[in-house]
Structure formats: C-alpha cells, structure tokens
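Trainee:
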Amino acid sequence: TERKKHCLSFFLAKELKFHPSCMTGDSTPSYLLDSYRCIPRLKKVFDHYEDMKYIVMTRDPVKRAKSHYEMVTSLDGTPEQIQARGKEWLKLTFEDVIRLDMCNMKKSGLIPYWDIDREEMDMDAFNAFVGTNCEDEAFRAYSKDHVKMGSGSHSLISRGMYELQLRPWMCAISNKDAFLVMKLETMKKVGVQTTMKKVFEHLNLPYYKVEDESAKNTRSYNEMTLKTEHMLRRFYAPHNARLERLLSDEEWSGDPWVK
Numbered sequence: 718t719e720r721k722k723h724c725l726s727f728f729l730a731k732e733l734k735f736h737p738s739c740m741t742g743d744s745t746p747s748y749l750l751d752s753y754r755c756i757p758r759l760k761k762v763f764d765h766y767e768d769m770k771y772i773v774m775t776r777d778p779v780k781r782a783k784s785h786y787e788m789v790t791s792l793d794g795t796p797e798q799i800q801a802r803g804k805e806w807l808k809l810t811f812e813d814v815i816r817l818d819m820c821n822m823k824k825s826g827l828i829p830y831w832d833i834d835r836e837e838m839d840m841d842a843f844n845a846f847v848g849t850n851c852e853d854e855a856f857r858a859y860s861k862d863h864v865k866m867g868s869g870s871h872s873l874i875s876r877g878m879y880e881l882q883l884r885p886w887m888c889a890i891s892n893k894d895a896f897l898v899m900k901l902e903t904m905k906k907v908g909v910q911t912t913m914k915k916v917f918e919h920l921n922l923p924y925y926k927v928e929d930e931s932a933k934n935t936r937s938y939n940e941m942t943l944k945t946e947h948m949l950r951r952f953y954a955p956h957n958a959r960l961e962r963l964l965s966d967e968e969w970s971g972d973p974w975v976k
C-alpha cells in the first residue's frame, strides 16, 4: 500500500536491498508507551517484525519523571522542539502534573490499588490486579484516551511503569532475544563505549568507537521535594519489582533503582 511505502521510505528500505550488511533504525521513546497503536502498525509495515531488534533504555522512574517535566516545560530550544513538547503543563507544578496523570490512570481503571489522596499502595489489590486481563484492558483504555499524538506533555507517571509497557511488546514479539533492555545509570557507570559494544553485539554489527561521548539534551533544574520523591518511590517500588521478574537477569535483580 502507499502508506506502507511511505513508512518504509524513512528507513531507506529500497537502498538497503543493495546494501544488505547495513541497518537503519528509529529512536522514539513513545513507541514503548503507545503499544496500543504502534504494534498493529509495526506488523502492517514490516513483514519481518519478528526478526527486528528492539532496544529499550530505562531510567530511575522517579528521576525520569522530574526530567520529563523539566524538559517539556522548558522554553529553551528551537521553535520545532518547543512545539513538539506541548503547552499543556506550562502553568502546572510538578506535583500538579503527577496528580493529573494519576487521576487519568485512575479514571481508566489502571491503578485501582493506589490511593491518590493518602498516597498509599494497597499491595493486596496490586497483586490481585497486575498481569490480569483487566489491567490489559485498562492500559488500552488509558492509552486511547490519554496518550496524545504531537505533544510530549502527557503520561508523566505511566512512562515509568516499565513492565506494564514492555509486556505488550514481549507478547507481540515471540523472540525474547530481540529485546535489549538497558539502564541509563549503567551506561553512566560503565561508560558509553562499553554500552555501545553491547548494543552492537545485540545488532550483530561490528564494534565502532563513538567519537562524541558528551551528554545531549541536558539542563539544570531544582530537585523535587523529599516528600514528593518518597511518594513516587512508594508508588514505583512494586512496579520495579515486576520489571525485575520480567527480565530476570543479574543486572535487574532487586529493585534496580534502590539507593
């Protein structure tokens, strides 16, 4: 179809036929969250989707949330960057946006185990709900109603619920070795070159030294309050444990972001 040809043109599909040793790719963080739309489209466009490689870079979800808020509310950057960030959060505090997303998840039935006002987790309710068809349906409802196109100002908290986002992808792709899930904190610890060596191995590509190791898209901002941080750590702790069980290797043993 024309749509399929249009999508493949961004990946230089025609040129790759003459250069089979080369690869092209796409880097879009929202794909992980927006599986509701992305997986069906992926299957329509790429006949070889089972043979593709998928790389997921995670970060401490508490720090990720603060960084996300500061990025989309920053007025630094090109007009195109500022437009892509959206304007929905410009007049809201970090705490306002946390509550907004939690209320959206609550309305969709996605976090019945979390008391927003008391900031408490009901672990019995959590264990009874996670991994069920009810959770899957609630996640689809949340994605349909609250994951926006054309704006980065959405899903502040749900983006840090990594197991919830990874599970649809790992159910859709039968080859679990197709996925490489990494932590930003590990890259900072072992260095860019060691991290990229792992990436190249995953892609079956020869090692290539990355010349520019400098951090990109960085900015300075005030730390969140301890009250907010402690609340978010309570919320994310059982979700991090779910991620550990899903990935089940040494790097992910225990809560990967416990201080």
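Numbering (the numbering used here), first residue to last: 718 to 976. No residue lacks a Cβ here, since even glycine has one placed at the ideal position from N, Cα and C.
Grab me the residues of Arg-661's own chain with a C-beta within less than 8 Å of its C-beta, minus the 5 sequence neighbours each way, in chain order.
Mentor: Because the chain in this structure spans residues 718 to 976, residue 661 falls outside the shown range and cannot be described.
Trainee: Go ahead and pull the three-state DSSP assignment for Glu-837.
Mentor: The answer is strand: DSSP assigns Glu-837 an E or B state.
Trainee: For Trp-831, which of helix, strand or coil comes out of DSSP?
Mentor: Strand, per DSSP.
Trainee: Locate the alpha helix (DSSP H) running through Met-948, then write down its first and last residues.
Mentor: Met-948 -> alpha helix (DSSP H) spans 943 to 964.
Trainee: Since Glu-837 and Leu-960 should fall inside the 8 Å C-beta cutoff, what is the C-beta to C-beta distance between them, to a whole number of angstroms?
Mentor: No, Glu-837 and Leu-960 are not in contact; Cβ-Cβ is about 21 Å, not under 8 Å.
Trainee: Distance, Cα to Cα, Asp-853 vs Glu-928?
Mentor: Looking at the two C-alpha atoms, the distance is approximately 42 Å.
Trainee: For the candidate residues Phe-917, Leu-901, His-723, whose alpha-carbon lies nearest to that of Lys-933?
Mentor: When each option's Cα is compared against that of Lys-933, the closest is Leu-901.
Trainee: Give the range of the alpha helix (DSSP H) segment to which Tyr-924 is assigned.
Mentor: Here Tyr-924 belongs to no alpha helix (DSSP H), and DSSP marks it neither H nor E.
Trainee: Does the separation of the CB atoms of Arg-936 and Asp-793 fall below 8 Å?
Mentor: A contact, by the Cβ cut-off of 8 Å.
Trainee: Tell whether a beta-carbon distance below 8 Å holds between Leu-922 and Met-740.
Mentor: Yes; because the gap between Cβ atoms is below 8 Å, this pair is in contact.
Trainee: Tell me the rounded alpha-carbon separation between Tyr-766 and Leu-943.
Mentor: Spanning the two alpha carbons is a distance of roughly 43 Å.
Trainee: Going straight from the alpha carbon of Lys-915 to that of Val-907, what length do you get?
Mentor: Roughly 11 Å between the two C-alpha positions.
Trainee: Measure the C-alpha to C-alpha separation of Trp-969 and His-736 and round it to an integer number of angstroms.
Mentor: Each residue's alpha carbon lies about 37 Å from the other.
Trainee: Among Asp-764, Asn-844, Gln-800, which one has its Cα closest to the Cα of Met-866?
Mentor: Cα-wise, what sits closest to Met-866 is Gln-800.
Trainee: If we call anything under 8 Å between Cβ atoms a contact, is Arg-962 one with Gly-877?
Mentor: Cβ distance not < 8 Å, so Arg-962 and Gly-877 don't count as in contact.
Trainee: Is it right to say Pro-778 is buried, meaning 16 or more other beta carbons lie within 10 angstroms of its own, or is it exposed?
Mentor: Burial call: buried.
Trainee: Can you check DSSP and say which residues form a bridge with Phe-896?
Mentor: According to DSSP, Phe-896 bridges with Tyr-771.
Trainee: With C-beta atoms as the reference, is Arg-816 less than 8 Å away from Ser-870?
Mentor: Their beta carbons are not under 8 Å apart, which means Arg-816 does not touch Ser-870 by this criterion.
Trainee: How many Å lie between His-863 and Pro-885 at the Cα?
Mentor: Cα to Cα, the separation comes out at about 18 Å.
Trainee: Return the chain-ordered list of same chain residues with a C-beta closer than 7 Å to the C-beta of Leu-759, the five sequence neighbours on each side being excluded.
Mentor: These residues qualify, in order along the chain: Tyr-766.
Trainee: To the nearest angstrom, report how far apart Thr-810 and His-785 are at their CA atoms.
Mentor: Going by the C-alpha atoms only, they are around 13 Å apart.
Trainee: With DSSP run on the structure shown, which of helix, strand or coil describes Trp-806?
Mentor: Correct three-state label for Trp-806: coil.
Trainee: My output table needs one value for Leu-817: the three-state DSSP class, helix, strand or coil.
Mentor: Leu-817: helix per DSSP, three-state reduction.
Trainee: Rank Trp-831, Asp-966, Glu-787 by C-alpha distance to the C-alpha of Met-899 and give the top, closest one.
Mentor: Selected option, being the one with the closest Cα: Asp-966.
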